[in-house]
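Colleague: Would you mind keeping the following structure in view while I ask a few things?
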Amino acid sequence: VFESIPNVVLTITDIVPEKRPAEAILVVHQTKLEKVPAGSVIVIEPQSSSDLWTLGEDVPEPIIAKQTESPLLAHTKLQNVIFPGAKELQFTQKAEPLLQSPTETSLYTHLPRASGDVLVLSVKLNDGDLPLRIAFPVMIKNALESFLGGKGELRPALATGQTTTIPTGNKHRPIQDLNETNSTDDKEAQTTLPGDGNPTLVVRSPTGQMEQVSSTGEQINLGPFDEVGIWWAGPEGGFHETEEPSIEEKTITPIAVNLANPTESDLRPRAELASPPKISGAWGGHSMWFYLTLGASVGICLEWILHQRRIVA
Numbered sequence: 424v425f426e427s428i429p430n431v432v433l434t435i436t437d438i439v440p441e442k443r444p445a446e447a448i449l450v451v452h453q454t455k456l457e458k459v460p461a462g463s464v465i466v467i468e469p470q471s472s473s474d475l476w477t478l479g480e481d482v483p484e485p486i487i488a489k490q491t492e493s494p495l496l497a498h499t500k501l502q503n504v505i506f507p508g509a510k511e512l513q514f515t516q517k518a519e520p521l522l523q524s525p526t527e528t529s530l531y532t533h534l535p536r537a538s539g540d541v542l543v544l545s546v547k548l549n550d551g552d553l554p555l556r557i558a559f560p561v562m563i564k565n566a567l568e569s570f571l572g573g574k575g576e577l578r579p580a581l582a583t584g585q586t587t588t589i590p591t592g593n594k595h596r597p598i599q600d601l602n603e604t605n606s607t608d609d610k611e612a613q614t615t616l617p618g619d620g621n622p623t624l625v626v627r628s629p630t631g632q633m634e635q636v637s638s639t640g641e642q643i644n645l646g647p648f649d650e651v652g653i654w655w656a657g658p659e660g661g662f663h664e665t666e667e668p669s670i671e672e673k674t675i676t677p678i679a680v681n682l683a684n685p686t687e688s689d690l691r692p693r694a695e696l697a698s699p700p701k702i703s704g705a706w707g708g709h710s711m712w713f714y715l716t717l718g719a720s721v722g723i724c725l726e727w728i729l730h731q732r733r734i735v736a
């Protein structure tokens with residue numbers, strides 16, 4: 424599953440490493456953990472209690488009855504899926520249940536913490552069909568994107584004349600759903616601006632024009648955009664005067680703007696437009712080609728009958 428996700432370098436080890444790169448994500452499967460290490464961690468099928476949870480008995484009904492609306496479960500539907508071997512977990516800190524059983528036991532849990540978020544999936548993968556479902560690799564991909572701050576998520580392009588809302592600070596917020604963004608009634612889209620909370624921001628147009636934008640709260644409004652191309656938004660001093668910003672720059676957010684909009688790019692037939700009348704021939708409502716084809720078919724049949732009679736005679 425991990426190897427199928429683009430830009431993922433997988434390293435397999437039998438022990439929990441004491442040191443790892445800052446952006447590395449640790450995945451622990453069927454391993455005892457007395458203390459969950461710092462950083463982003465995914466725990467699958469915990470085998471013992473740790474400093475973040477206490478391992479309990481088997482869940483009596485390990486079937487998904489409630490799924491929370493969360494970016495971690497985007498594009499997945501796991502209702503009525505069985506999680507064999509699931510264990511009850513009593514968490515020692517604030518926990519966000521993502522998937523729950525009929526008894527409200529959390530089977531997939533998000534643990535936010537300052538040293539790095541933790542995801543706990545209580546299921547025996549070898550005993551169920553979860554790994555065979557499309558939802559499982561999507562869950563893993565959502566988890567990796569969440570740990571990376573949503574940098575791999577889909578960011579729909581905006582249309583010229585549209586506005587967008589950018590939160591300030593260093594909190595990552597999910598991109599608005601594509602169907603909601605394409606709604607003709609909603610003229611605003613949402614994106615994410617990683618930053619340090621500096622209230623003065625700079626917007627760079629595709630032609631290199633700089634403009635300062637001041638924020639008065641937790642978000643700023645940009646637009647309407649009057650140029651097609653990639654706009655850049657970031658803190659003041661984060662841009663070079665002549666060089667175009669890099670996509671890899673963490674403090675600068677790219678915003679794609681094109682000429683398409685939800686109305687012009689909608690290929691569905693419009694109900695208010697009447698269908699053009701059908702053009703028919705003057706003879707019996709059919710075109711001339713219909714009668715020519717029919718006459719040719721009758722002629723072929725007559726010729727075949729006459730040929731057979733000549734041979735018999």
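Note that this note's numbering has the sequence shown beginning at 424, numbered continuously upward.
Using N, Cα and C, we set each Cβ at its ideal position, and we do this for glycine too.
Could you tell me whether any non-hydrogen atom of the ligand NAP is closer than 8 Å to the CB of proline 629?
Modeller: For the structure depicted, the ligand NAP is absent and the ligand set is empty, with no information on it obtainable.
Colleague: Could you give the first and the last residue of the continuous beta strand (DSSP E) run that contains serine 463?
Modeller: 463–467 is the extent of the beta strand (DSSP E) around serine 463.
Colleague: With a Cβ-Cβ cutoff of 9 Å, do serine 628 and glutamate 650 count as a contact?
Modeller: Yes, they are a contact pair.
Colleague: Any idea which residues DSSP pairs isoleucine 653 with across the strands?
Modeller: Note: isoleucine 653 sits in a beta bridge opposite Ala679.
Colleague: How is the beta strand (DSSP E) around leucine 530 delimited, first residue to last?
Modeller: 529–534 is the extent of the beta strand (DSSP E) around leucine 530.
Colleague: What's the call for glycine 652, buried or exposed, on a 16-neighbour Cβ count within 10 Å?
Modeller: Exposed: under 16 other Cβ atoms inside 10 Å.
Colleague: How many angstroms separate the CA atom of methionine 633 from the CA atom of glutamate 492?
Modeller: Approximately 38 Å between the Cα atoms of the pair.
Colleague: Please report the residue range of the beta strand (DSSP E) in which isoleucine 448 lies.
Modeller: Run containing isoleucine 448: 448–452, per the beta strand (DSSP E) assignment.
Colleague: Spatial neighbours of glutamine 490 within its chain, please: CB distance less than 7 Å, with the 5 preceding and 5 following residues excluded, ordered by chain position.
Modeller: Same-chain partners within the cutoff: Leu496, Leu501, Gln502, Leu522.
Colleague: First and last residue of the beta strand (DSSP E) that includes lysine 510?
Modeller: Unbroken beta strand (DSSP E) run through lysine 510: 510–514.
Colleague: Helix, strand or coil for glutamine 635? Go by DSSP, reduced to three states.
Modeller: Of the three classes helix, strand and coil, the one that applies to glutamine 635 here is strand, per DSSP.
Colleague: Assuming alanine 679 and alanine 580 make a contact with CB atoms under 8 Å, what is their CB distance in whole Å?
Modeller: Sure, about 4 Å apart at Cβ, within 8 Å.
Colleague: What are the boundary residues of the alpha helix (DSSP H) that includes isoleucine 563?
Modeller: Here the alpha helix (DSSP H) through isoleucine 563 covers 558–570.
Colleague: Suppose you measure from the CA of threonine 532 to the CA of glutamate 519; what does that come to, to the nearest Å?
Modeller: Going by the C-alpha atoms only, they are around 6 Å apart.
Colleague: Check the C-beta distance from glutamate 484 over to serine 524 and give it rounded, since I have them as a contact under 8 Å.
Modeller: About 5 Å separates the two Cβ atoms, so the contact holds.
Colleague: Just to confirm the assignment, what range does the beta strand (DSSP E) spanning glutamine 523 have?
Modeller: From DSSP, the beta strand (DSSP E) with glutamine 523 extends over 519–523.
Colleague: Please list the terminal residues of the continuous beta strand (DSSP E) segment that includes glycine 646.
Modeller: That residue, glycine 646, is in no beta strand (DSSP E); it is neither H nor E in DSSP.
Colleague: Look up valine 626 in the DSSP assignment and give the residues it is bridged to.
Modeller: Per DSSP, Glu634, Ala656.
Colleague: Please classify glycine 646: is it buried, with 16 or more other beta-carbons within 10 angstroms of its beta-carbon, or exposed?
Modeller: Counting Cβ neighbours within 10 Å, glycine 646 comes out buried, since at least 16 surround it.
Colleague: Mind checking leucine 433: buried by the 16 CB within 10 Å criterion, or exposed?
Modeller: So leucine 433 ends up on the exposed side.
Colleague: Helix, strand or coil, according to DSSP, for aspartate 474 in the structure here?
Modeller: It is coil, neither helix nor strand.
Colleague: Looking at leucine 534: is its Cβ nearer than 9 Å to the Cβ of valine 541?
Modeller: Result yes, Cβ atoms of leucine 534 and valine 541 sit closer than 9 Å.
Colleague: Mapping the DSSP letters down to three states, classify isoleucine 487 as helix, strand or coil.
Modeller: In the structure shown, isoleucine 487 sits in coil (DSSP, three-state: anything other than H, G, I, E or B).
Colleague: Sort out for me which residues DSSP pairs alanine 582 with in a bridge.
Modeller: DSSP lists Asn681 as partners of alanine 582.
Colleague: Can you grab the Cα-Cα spacing for the pair proline 585 / glutamine 642, in whole Å?
Modeller: Checking the displayed sequence, the identity of residue 585 turns out to be glutamine instead of proline. So the two alpha carbons sit approximately 17 Å from each other.
Colleague: Using a Cβ cut-off of 9 Å (strictly closer), state whether proline 444 contacts chain C.
Modeller: This model lacks chain C altogether; it includes just one protein chain.
Colleague: Do you know how far the Cα of proline 469 is from the Cα of leucine 478?
Modeller: In a straight line, the C-alpha of leucine 478 is about 8 Å away from that of proline 469.
Colleague: With a threshold of 16 other CB atoms inside 10 Å of the CB of valine 721, please say whether the residue is buried or exposed.
Modeller: Under this definition valine 721 is an exposed residue.
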